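Asks: To start, I am sharing the structure in question, which I have written as structure tokens.
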Amino acid sequence: MSQSFSVSALRAQFPVLQQSCNGHALVYLDSAATTQKPQSVIDAMSNYYQYNNANVHRAAHCLSAKATQAFEQVRDEVRSFINAPKREEVIWTKGATEAINLVAQSYGALLQAGDEIIISTMEHHANIVPWQLLAQQLKLVLKVIPLTDIGELDLAAFAQLLTEKTRLVAVTHISNVLGTVNPIAEIVALSHQVGAKVLVDGSQAVAHLPIDVQALDCDFYVFSGHKMYGPTGIGVLYGKADLLNAMPVWQTGGEMIKKVSFSGTTFNALPFKFEPGTPNISGVIGLGAAVEFLQQQDRAALLQYEQQLFEYAKTQLLSLPDITLVGNAVQQAGVISFVVKGEHHSDIATLLDQQGIAIRAGHHCAMPLMESLGLGGTLRLSIACYNEQQDIDSFIIALNKTLEFL
Amino acid sequence: MPNQLVPNLFGNEISSDDVLDLFAQQSGWEARYRQIILLGKQLSELPQVFKNEEHQVDGCESAAWLVSREQGGVWQFYVASDTRIVNGLLAIVLAAYNGKTTEQIDDFDIESYFDQLGLSKQLSPSRANGLHAVVQAIKGVAV
Numbered sequence: 022m023s024q025s026f027s028v029s030a031l032r033a034q035f036p037v038l039q040q041s042c043n044g045h046a047l048v049y050l051d052s053a054a055t056t057q058k059p060q061s062v063i064d065a066m067s068n069y070y071q072y073n074n075a076n077v078h079r080a081a082h083c084l085s086a087k088a089t090q091a092f093e094q095v096r097d098e099v100r101s102f103i104n105a106p107k108r109e110e111v112i113w114t115k116g117a118t119e120a121i122n123l124v125a126q127s128y129g130a131l132l133q134a135g136d137e138i139i140i141s142t143m144e145h146h147a148n149i150v151p152w153q154l155l156a157q158q159l160k161l162v163l164k165v166i167p168l169t170d171i172g173e174l175d176l177a178a179f180a181q182l183l184t185e186k187t188r189l190v191a192v193t194h195i196s197n198v199l200g201t202v203n204p205i206a207e208i209v210a211l212s213h214q215v216g217a218k219v220l221v222d223g224s225q226a227v228a229h230l231p232i233d234v235q236a237l238d239c240d241f242y243v244f245s246g247h248k249m250y251g252p253t254g255i256g257v258l259y260g261k262a263d264l265l266n267a268m269p270v271w272q273t274g275g276e277m278i279k280k281v282s283f284s285g286t287t288f289n290a291l292p293f294k295f296e297p298g299t300p301n302i303s304g305v306i307g308l309g310a311a312v313e314f315l316q317q318q319d320r321a322a323l324l325q326y327e328q329q330l331f332e333y334a335k336t337q338l339l340s341l342p343d344i345t346l347v348g349n350a351v352q353q354a355g356v357i358s359f360v361v362k363g364e365h366h367s368d369i370a371t372l373l374d375q376q377g378i379a380i381r382a383g384h385h386c387a388m389p390l391m392e393s394l395g396l397g398g399t400l401r402l403s404i405a406c407y408n409e410q411q412d413i414d415s416f417i418i419a420l421n422k423t424l425e426f427l
Numbered sequence: 181m182p183n184q185l186v187p188n189l190f191g192n193e194i195s196s197d198d199v200l201d202l203f204a205q206q207s208g209w210e211a212r213y214r215q216i217i218l219l220g221k222q223l224s225e226l227p228q229v230f231k232n233e234e235h236q237v238d239g240c241e242s243a244a245w246l247v248s249r250e251q252g253g254v255w256q257f258y259v260a261s262d263t264r265i266v267n268g269l270l271a272i273v274l275a276a277y278n279g280k281t282t283e284q285i286d287d288f289d290i291e292s293y294f295d296q297l298g299l300s301k302q303l304s305p306s307r308a309n310g311l312h313a314v315v316q317a318i319k320g321v322a323v
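Structural data, given as structure tokens:
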């Protein structure tokens, strides 16, 4: 396989990958669940606590000023990372899940009975349940985009679902089960024709694809830091400023207020309006380091490398007997799902674990998708920039051994 | 009688000490897991009628079912899962608990037993196989 950059140099930046598991060198192919963290992210967070820890936006003292500056600088970095027009359009959340819940509760408060929301069959539970609850609360209609046989969104069916009552379309950028890369710009254009807003769950996309929210023209874009080499507990809600300004506050408390008296409270402007309480400062600092880590790479070369590895893994898997790939979309990235004829995914994953191979088995928080596929679960391997061909080879050898064993 | 519960060998004919002896002879993950799968095959089949929500114990990766019966002061458990390895692990659990009184079940140190078998990780609460949940359910019913 041709390599346009040094994967070994990149891999060396990830301390976790240097260990063994069950007596074997660790082969980590579960990055869709969470990616490993480069040393620079770990150092940034540790340095923050060692040298810069203070609450942000509060005190006049020098330490607080340093913390605030570092903290707000990351907002600028993330703005640039996703090409958002304005820095105040970047809202910190705990992760993609909280970002979706924020939109469901806040944008949701602007909806009324009979309004329609469209999601898709391939959504993660985090992009289903908040809408389902909202629909129950407000008597909204929840519609679901079906999939084609190869695991793509059925865009013809989607066009039929859109009506002048559609207020929101919430879809994933990349499926965490099928690896399907959805045509977001096209979905946004279709949705905007009927005046519907679009929320994109970018959780599985941020580590792989360059994200340009202006090119996509989506109204909301959400993602988690920990799936893009950053820390857990920090995520981003991007929203168009007009929309965020029109939305009511969600959680309340300190930081997000302008003036509080017992006769009433006025709220702070964006982005602070949606950031009550002391934020996850070290998480933001770590996320900043993760963004810098990604920005330092040649993203096009990185994507090409990952795609080569992806195709290699698919070809190797298909060379084994009794393996069926789940999801064959024309555009895929990040994850490969498969099932083994006559075997339970859990048995395979347990035996792979014995051989030091970390992959995922189960429904991947997408039970409605599994139901539509008629599957109880799949095995899923996922690829990140630090994986190398050796990881795939070790996985295939272990899988072969497992199949012989069973 | 397709709906009849058939008692298991485990705990009745095959004790936890027998299982410990068996595993003492196995070295390496392959031998251990081959043994686990063989034990799982010796479980009595759980009639389909019991594989319902009432008896389901959830794991994230797989489903398991547990039926509990007390007769003459001792417990008999009947189990099934849809995976070979969990079936084997369940057989190992039953070897410790079947035919025992509530007090004996309470007194049995399941963690140490799994530890001696080299399978302690399989029993951890974080494990997605549901084994921990089955053990909790057995301890919960036998009180």
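As given, the protein sequences belong to chains A and B, one line each in that order. Quick note: the first sequence uses this note's numbering, first residue 22, plus one each step. Quick note: the second sequence uses this note's numbering, first residue 181, plus one each step. Using N, Cα and C, we set each Cβ at its ideal position, and we do this for glycine too. These numbers were taken from a predicted model, which means no experiment stands behind them.
1. Among A:PRO204, A:THR184, A:LEU189 and A:ARG188, whose alpha-carbon lies nearest the alpha-carbon of A:LEU176?
2. Would you check if the distance between the CB atom of A:GLY298 and the CB atom of A:PRO252 is smaller than 8 Å?
3. Kindly indicate if chain A contains any beta-carbon less than 8 Å away from that of B:SER304.
4. Of all the CB atoms in chain A, is at least one closer than 8 Å to the CB of B:ASP238?
5. So the beta strand (DSSP E) A:VAL198 belongs to, where does it begin and stop?
6. Using the C-alpha atoms, what's the distance from A:LYS218 back to A:LYS186?
7. Give me the chain B residues within the contact set of A:GLY377, using Cβ-Cβ distance strictly less than 8 Å, ordered along the chain.
8. Scan the stretch 252-279 of chain B and note each continuous alpha helix (DSSP H) run of 4 residues or more that stays entirely inside, going in chain order.
9. Looking only at its chain, what residues have a beta carbon closer than 7 Å to the beta carbon of A:PHE426, apart from the 5 residues adjacent to it on each side?
10. According to the neighbour-count rule (16 or more other Cβ atoms, all chains shown, within 10 Å of its Cβ), is A:MET22 buried or exposed?
11. On a Cα-Cα basis, can you pick out the residue from B:GLN215, B:ASN183, B:ILE265 and B:GLN284 that is closest to B:GLU241?
12. Buried or exposed: where does B:SER304 fall if 16 or more other Cβ atoms within 10 Å of its Cβ makes it buried?
13. Below 7 Å on C-beta distance, what does B:ASP295 contact in chain A?
14. Starting from B:THR263, find everything on chain A with Cβ-Cβ shorter than 7 Å and list it in chain order.
15. Whose C-beta lies closer than 7 Å to the C-beta of A:GLN24 among residues of the same chain, with five residues either side of it excluded?
16. Strictly below 7 Å CB to CB, what residues from chain A border B:GLU225?
17. Just to confirm my understanding: we take A:LEU174, look at its own chain, exclude 5 residues before and 5 after, and list those with CB closer than 6 Å. What are they?
18. Any beta carbon of chain A sitting closer than 8 Å to that of B:VAL266?
19. Can you find the residues in the same chain that come closer than 6 Å, C-beta to C-beta, to A:ALA206, ignoring five residues on each side of it along the sequence?
20. Could you list the residues in the stretch 201-212 of chain B with a C-beta less than 9 Å from some C-beta on chain A, going in chain order?
21. Given a cut-off of 8 Å on the beta-carbon distance, is the pair A:GLY200 and A:GLY348 in contact?
22. Report the option in B:VAL254, B:THR282, B:LYS301 and B:ASN188 whose CA atom is closest to the CA atom of A:ASN43.
23. Going along the chain, which residues of its own chain have a beta-carbon closer than 6 Å to the beta-carbon of B:VAL237, five neighbours each way excluded?
24. Does A:THR169 get closer than 8 Å to chain B when you measure Cβ to Cβ?
25. Could you tell me the distance, in whole angstroms, from the CA atom of B:LYS221 to the CA atom of B:ARG214?
26. Under 8 Å between C-beta atoms, does A:LEU372 make it to chain B?
27. Starting from the Cα of A:PRO36, find the closest Cα among A:ASP64, A:GLY383 and A:ALA191 and give me that residue.
28. Who pairs with A:LYS218 in a beta bridge, going by DSSP?
29. Just checking my contact of B:VAL254 with B:LEU274 at CB under 8 Å: how many whole Å lie between their CB atoms?
30. Could you pull the start and end residues of the beta strand (DSSP E) that A:TRP113 belongs to?
Replies: Quick answer:
1. A:PRO204
2. No, they are not a contact pair.
3. Residue contact check for B:SER304 against chain A: no CB pair falls below 8 Å.
4. no
5. No beta strand (DSSP E) holds A:VAL198; DSSP gives it neither H nor E.
6. In this structure, the alpha-carbon of A:LYS186 lies about 11 Å from that of A:LYS218.
7. Here the premise fails: no neighbours, minimum Cβ distance about 10 Å.
8. Restricting attention to alpha helix (DSSP H) runs no shorter than 4 residues, the stretch 252-279 of chain B encloses them at 264-277, ordered along the chain.
9. LEU372
10. At A:MET22 the pLDDT is 44, less than 50, meaning the model places this residue with poor confidence and gives no usable figure here.
11. B:ILE265
12. exposed
13. Neighbourhood of B:ASP295 in chain A, by CB distance below 7 Å: empty, with the nearest CB roughly 16 Å away.
14. HIS365, SER367 and ASP368
15. Its pLDDT being 49, under 50, A:GLN24 is placed unreliably in this model, and the value from its coordinates should be taken loosely. Contacts found: TYR326.
16. What B:GLU225 touches in chain A: nothing, since even the nearest Cβ is about 17 Å away.
17. Cβ neighbours of A:LEU174 beyond the five flanking positions: SER141, ILE166 and ASN203.
18. yes
19. LEU237
20. The residues in question are TRP209, GLU210 and ARG212.
21. yes
22. B:LYS301
23. ALA244, LEU246, GLY310, ALA313, VAL314 and ALA317
24. no
25. 11 Å
26. yes
27. A:ASP64
28. A:LEU189
29. That pair is no contact at about 13 Å.
30. 111-114 is the extent of the beta strand (DSSP E) around A:TRP113.
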